[in-house]
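Visitor: Residue numbers (the numbering used here): 5 to 369. All C-beta atoms in this analysis are idealised placements derived from N, C-alpha and C, irrespective of residue type, glycine included. The model shown is predicted, which means the values in this text are computed figures rather than measured ones. Provided herewith is a single structure, encoded as structure tokens, for subsequent inquiry.
And the structure:
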């Protein structure tokens, strides 16, 4: 007797098959989402350092992420990662080595400071010993009967004590100055490297490279944790005319003043970057289109009502300038280019319809 009987095609339940297929598709989608999240976190925790080729690593992760964003599901997750496994492990190894190297450098700095403090403590012990010897000698002087000898001996001891104290003060000053210089040089070097890589040297706003990296981070993070985000694309009105009339030095001052007004008007969390020339981009996390548009319009009015010094030495000469702004809101599934493009089109509409105004992407025809 047969224990198992193979079902014929007529006995297979189509509804059961469809249900099983739907469950499999759901599992695949969940696994793809988890894999995409892991790629995001790998990218997020990669240190932005040229010498360990972080850009190549992030570009490779972006390529992998694109495979998970396509319409066709990935059934072989292991196979999707197999070609990249060695590359990822090598980068992680390089980053670990870099961290260990920097840790060694920090330990050297700590050792430098410790040695400096130890030397100062040693000087202090010598100083205390000398003072103690002085006290012993002065105590012996008190046993003398001859007033003249007491006065002469005290005069000598006081002079020696004065010299000891002055030498100690001079030694402490030299050591403190030396340590201060070392710390100042290290701090200055770190700040210079950071500023050079992230900030526009002239205006103090973030540079285009930093903006692009931030935008990529916002897009990737939105795929995991949704958070409303708006973008303002700002363009100074008639800036060429300002340069032609007053010269490039005044034009540079206008750009600096604009960035300063942005930092005053917007929150510390808002991301102000120089996009190019007289165009700036402002990312506003946690704010939707309506609130961002309201802020942009307030900023346009505030800027138009202000006057700025052309030359600090000539307080009577002032200049006014205005800005046009296009505002867009991040949508689910957005790319960085699409997000910027909608704000750019809104900005073009603002420029075309009178300038010194803010226009949202919804007003673009």
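Residue 204 by DSSP, collapsed to three states: which one?
Guide: Here residue 204 corresponds to residue number 200 of the chain shown, with the count starting at 1. Residue 204 falls in the coil class under three-state DSSP.
Visitor: Using 8 Å as the cut-off, can you tell me whether the segment 321-331 makes contact with the segment 296-307, which would need three or more C-beta pairs spanning the two stretches below that distance?
Guide: yes
Visitor: If you count every other CB in all the chains shown that lies within 10 Å of the CB of residue 65, and 16 or more means buried, which is it?
Guide: Residue numbering aside, residue 65 sits at position 61 when the chain shown is read from its first letter. Under this definition residue 65 is a buried residue.
Visitor: Rounding to the nearest angstrom, what Cα-Cα distance links residue 208 and residue 253 in this structure?
Guide: Within the chain shown, numbered from 1, the residue matching residue 208 stands at position 204. Within the chain shown, numbered from 1, the residue matching residue 253 stands at position 249. Looking at the two C-alpha atoms, the distance is approximately 16 Å.
Visitor: Quick one: is residue 290 buried, meaning 16 or more other Cβ sit within 10 Å of its Cβ, or exposed?
Guide: Working through the chain shown from its first residue, we reach residue 290 at position 286. It counts as exposed.
Visitor: Can you give me the start and stop residues for the alpha helix (DSSP H) that residue 326 sits inside?
Guide: Locating residue 326 in the chain shown gives position 322, counting from the first residue. Note, residue 326: premise wrong, no alpha helix (DSSP H); not H, not E.
Visitor: If we count Cβ pairs, one from each stretch, closer than 8 Å, do we get three or more for the segment 278-295 versus the segment 235-245?
Guide: yes
Visitor: Just checking my contact of residue 297 with residue 331 at CB under 8 Å: how many whole Å lie between their CB atoms?
Guide: The residue given as residue 297 occupies position 293 in the chain shown. The residue given as residue 331 occupies position 327 in the chain shown. With 8 Å as the limit, residue 297 and residue 331 qualify as a contact, their Cβ atoms being about 5 Å apart.
Visitor: Give me the Cα-Cα distance between residue 231 and residue 344, rounded to the nearest whole angstrom.
Guide: Position 227 of the chain shown, counting from 1, holds the residue named residue 231. Position 340 of the chain shown, counting from 1, holds the residue named residue 344. Their Cα atoms are separated by approximately 17 Å.
Visitor: Which term fits residue 341, buried or exposed, when burial requires 16 or more other beta carbons within 10 angstroms of its beta carbon?
Guide: Position 337 of the chain shown, counted from the first residue, corresponds to residue 341. Classification of residue 341: exposed, given that the 10 Å Cβ count is below 16.
Visitor: Taking the alpha helix (DSSP H) that residue 223 belongs to, which residues open and close that run?
Guide: Indexing the chain shown from 1 puts residue 223 at position 219. Residue range 212-226 is occupied by the alpha helix (DSSP H) that includes residue 223.
Visitor: Residues bridged to residue 276 by DSSP?
Guide: Here residue 276 refers to the residue found at position 272 when the chain shown is read from its first residue. Beta-bridge pairing links residue 276 to 286.
Visitor: Does the distance from the C-beta atom of residue 270 to that of residue 276 stay below 8 Å?
Guide: Against the chain shown, residue 270 aligns to sequence position 266. Against the chain shown, residue 276 aligns to sequence position 272. The answer is yes: Cβ separation under 8 Å.
Visitor: Does the distance from the CB of residue 44 to the CB of residue 228 come in under 8 Å?
Guide: The residue you call residue 44 lines up with position 40 of the chain shown. The residue you call residue 228 lines up with position 224 of the chain shown. Yes, they are a contact pair.
Visitor: Return the first residue and the last residue of the beta strand (DSSP E) that residue 240 is part of.
Guide: Sequence index remark: in the chain shown, residue 240 carries index 236 (1-based). Here the beta strand (DSSP E) through residue 240 covers 233-240.
Visitor: Sort 105, 59, 103 and 109 by Cα distance to residue 92 and report the nearest one.
Guide: Position 88 of the chain shown, counted from the start, is the residue given in the question as residue 92. Checked all of 105, 59, 103 and 109; the closest Cα to residue 92 is 59.
Visitor: For residue 364, which residues of its own chain have a beta-carbon under 7 Å away from its beta-carbon, when the five flanking residues on both sides are left out?
Guide: By 1-based counting over the chain shown, the position of residue 364 is 360. Cβ within range, chain order: 293, 297, 331 and 350.
Visitor: In the DSSP assignment, find the unbroken beta strand (DSSP E) run with residue 270 in it and report its ends.
Guide: Here residue 270 refers to the residue found at position 266 when the chain shown is read from its first residue. Premise fails: residue 270 is in no beta strand (DSSP E) and is neither H nor E.
Visitor: By Cβ distance, which residues of its chain are closer than 8 Å to residue 339, with the 5 residues on each side in sequence left out?
Guide: Taking the chain shown and counting its residues from 1, the one referred to as residue 339 is at position 335. For residue 339, where only same-chain residues beyond five positions count, the Cβ hits under 8 Å are 223.
Visitor: Buried or exposed for residue 115, please, with buried defined as at least 16 other CB atoms from any protein chain shown within 10 angstroms of its CB.
Guide: For the purposes of this step, residue 115 is identified with residue 111 of the chain shown, where counting begins at 1. Classified as exposed, residue 115 has fewer than 16 neighbouring CB atoms from the shown chains inside 10 Å of its CB.
Visitor: Buried or exposed for residue 3, please, with buried defined as at least 16 other CB atoms from any protein chain shown within 10 angstroms of its CB.
Guide: There is no way to answer for residue 3, as the model of the chain reaches only from 5 to 369.
Visitor: Which two residues bound the contiguous alpha helix (DSSP H) that contains residue 300?
Guide: The residue labelled residue 300 in the question sits at position 296 within the chain shown. Taken as a continuous stretch (DSSP letters only), the alpha helix (DSSP H) holding residue 300 covers 293-308.
Visitor: So, at 7 Å on beta carbons, what are the nonlocal neighbours of residue 4 in its own chain, with the 5 sequence-adjacent residues on each side left out?
Guide: Absent from the structure is residue 4, since the part of the chain shown begins at 5 and ends at 369.
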